[in-house]
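Trainee: Residue numbers (our numbering): 208 to 546.
#1: What's the C-alpha gap between residue 316 and residue 346?
#2: Any contact between the segment 361-376 and the segment 434-451? By contact I mean 3 or more CB pairs, one from each, below 8 Å.
#3: So the candidates are 367, 222, 285; which of them puts its Cα closest to the Cα of residue 433?
#4: Who are the near neighbours of residue 236 in its chain, counting only those whose CB is closer than 7 Å to its CB and skipping five residues on each side?
#5: Quick one: measure Cβ to Cβ for residue 332 and residue 340, integer angstroms, because I've assumed they're closer than 8 Å.
#6: Considering only residues of the same chain and omitting the five flanking positions on each side of residue 540, which have a CB-CB separation below 7 Å?
#7: Per DSSP, which one or two residues make a beta bridge with residue 491?
#8: Quick test of the definition: if touching needs 3 or more C-beta pairs under 8 Å, does the segment 449-458 touch the segment 494-505?
#9: Tell me the rounded alpha-carbon separation between residue 307 and residue 288.
#10: Classify residue 460 as helix, strand or coil using the three-state DSSP reduction.
#11: Among the residues of its own chain, which have a CB less than 7 Å from the CB of residue 546, if the five just before and after it don't count?
#12: On the criterion of 16 or more Cβ atoms from any shown chain inside 10 Å, does residue 415 qualify as buried, or is it exposed?
#13: Buried or exposed: which applies to residue 442, given that a residue is buried once 16 or more other Cβ atoms fall within 10 Å of its Cβ?
#14: Go to residue 524, then tell me how far its beta strand (DSSP E) extends in each direction, as first and last residue.
#15: Looking at the unbroken alpha helix (DSSP H) that takes in residue 415, where does it start and where does it end?
#16: Just to check my reading of the structure: residue 260 and residue 241 have Cβ atoms closer than 8 Å, yes? What is that Cβ distance to the nearest angstrom?
#17: Take residue 279 and list the residues in its own chain whose beta-carbon comes closer than 8 Å to its own, dropping the five residues that flank it on each side.
#18: Whose CA, out of 282, 225, 262, lies closest to the CA of residue 234?
#19: Do you know offhand how far residue 396's Cα is from residue 224's?
#20: Mark residue 399 as exposed unless 16 or more other C-beta atoms lie within 10 angstroms of its C-beta, in which case mark it buried.
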């Protein structure tokens, strides 16, 4: 893995970007109509969702955060129900459907998985089997079955398929299936998948994703189709992560290079902005800026307030101390400032 993701504070930015991308794309796969920009702004600004699509994105984001917390835990039905409640919060017509198995019928009809034209794609196992099947799925996920070796990546992909195939819930099955894939990868030590987002790759070619499920069912449940598809998705997603890191690293270097000739900011502000480019979550205070440059309190305070006025930093109070942090769209605002 490139040193940029291992040895730098930019790692947190890459992690958040992965969470944002996964939360948005996983929702879009399931029909959420929103733009990446609007959804990212909502998550970054921590504002309340304005519609069901944004609520789906927020729920997926919260579910992924919870998955990270649970990565060392064994998978249980109770854990799956918990994730389902998080993923479906405020998005279900029947709120009682959160965190429980689907009913035998919905509005008097059997539950089927349909395509956009209403054609039946999948008839999931009957409700009577779900409790036993979920227990078996958890045993498999935890490595208790089978007796023979199954590579953890293959195990994670099969877990993804298994949950989607059983379709145990009235809604949210696809999102939970992809979330459990992440739980499994992290559980088995594939830490890189904190930064890899598979759903954007799936969303770009969602027809192939659905066909992979269909091919399995129409060929005596031969999982090879789905495993091959997901391995390709993983390789593409990893390549896109490497490209994203290279692009962000290049952008930071280009901005720093242009800053040397910038006259809108003084040399102290340029040094602080350069530091903020590489340490996106650092908090600056007047006292530290004053000490770093051997200047008066008023000069240090003026430097920081000026950066706020230019829209590059925001300020908040903690006790009696004012903290200054870079804004969410920092790089773009800095680039526009140079114009």
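Note that the Cβ used here is the ideal one computed from N, Cα and C, for glycine as well.
Note that this is a predicted model, so its numbers are computed, not measured.
Mentor: Inspection of the coordinates gives the following:
#1: Working through the chain shown from its first residue, we reach residue 316 at position 109. Working through the chain shown from its first residue, we reach residue 346 at position 139. With a pLDDT of 48 at residue 316, under the threshold of 50, the modelled position of this residue cannot be trusted; read the value that follows with caution. Between residue 316 and residue 346, the C-alpha separation is close to 31 Å.
#2: yes
#3: Position 226 of the chain shown, counted from the start, is the residue given in the question as residue 433. Among 367, 222, 285, the Cα nearest to that of residue 433 is on 367.
#4: The sequence position of residue 236 within the chain shown is 29, counting from 1. Excluding sequence neighbours, residue 236 sits near 381, 406, 409, 410, 413.
#5: Taking the chain shown and counting its residues from 1, one reaches residue 332 at position 125. Taking the chain shown and counting its residues from 1, one reaches residue 340 at position 133. The Cβ separation is near 6 Å, so the contact holds.
#6: Within the chain shown, the letter at position 333 stands for residue 540. Answer for residue 540: 518, 519, 534, listed in chain order.
#7: Residue mapping note: residue 491 aligns to position 284 of the chain shown, counting from 1. Answer by DSSP bridge pairing, in chain order: 531.
#8: no
#9: Counting from 1 along the chain shown, the entry for residue 307 is found at position 100. Counting from 1 along the chain shown, the entry for residue 288 is found at position 81. Each residue's Cα considered, the two are about 6 Å apart.
#10: As a first step, residue 460 is located in the chain shown; it is residue number 253 there, counting from the start. Residue 460: helix per DSSP, three-state reduction.
#11: The residue given as residue 546 occupies position 339 in the chain shown. Low per-residue confidence applies at residue 546: pLDDT is 47, beneath 50, and the placement is therefore not dependable, though the value from the model is reported in the following sentence. Same-chain partners within the cutoff: there are none.
#12: The residue you call residue 415 lines up with position 208 of the chain shown. The residue in question, residue 415, is exposed, as its Cβ has fewer than 16 Cβ neighbours within 10 Å.
#13: Along the chain shown, one-based indexing puts residue 442 at 235. It is exposed - the Cβ of residue 442 has fewer than 16 other Cβ atoms within 10 Å.
#14: Locating residue 524 in the chain shown gives position 317, where the first residue counts as 1. Segment 520-525, the beta strand (DSSP E) holding residue 524.
#15: Taking the chain shown and counting its residues from 1, one reaches residue 415 at position 208. Residue 415 -> alpha helix (DSSP H) spans 413-424.
#16: Reading the chain shown from its first residue, position 53 is the one you call residue 260. Reading the chain shown from its first residue, position 34 is the one you call residue 241. So it is a contact: roughly 4 Å between Cβ atoms.
#17: Here residue 279 refers to the residue found at position 72 of the chain shown. Only 394 meet the Cβ criterion.
#18: Within the chain shown, the letter at position 27 stands for residue 234. Considering only alpha carbons, the answer is 262.
#19: Taking the chain shown and counting its residues from 1, one reaches residue 396 at position 189. Taking the chain shown and counting its residues from 1, one reaches residue 224 at position 17. Taking the straight line from one Cα to the other gives about 21 Å.
#20: As a first step, residue 399 is located in the chain shown; it is residue number 192 there, counting from the start. Flag for residue 399 reads exposed.
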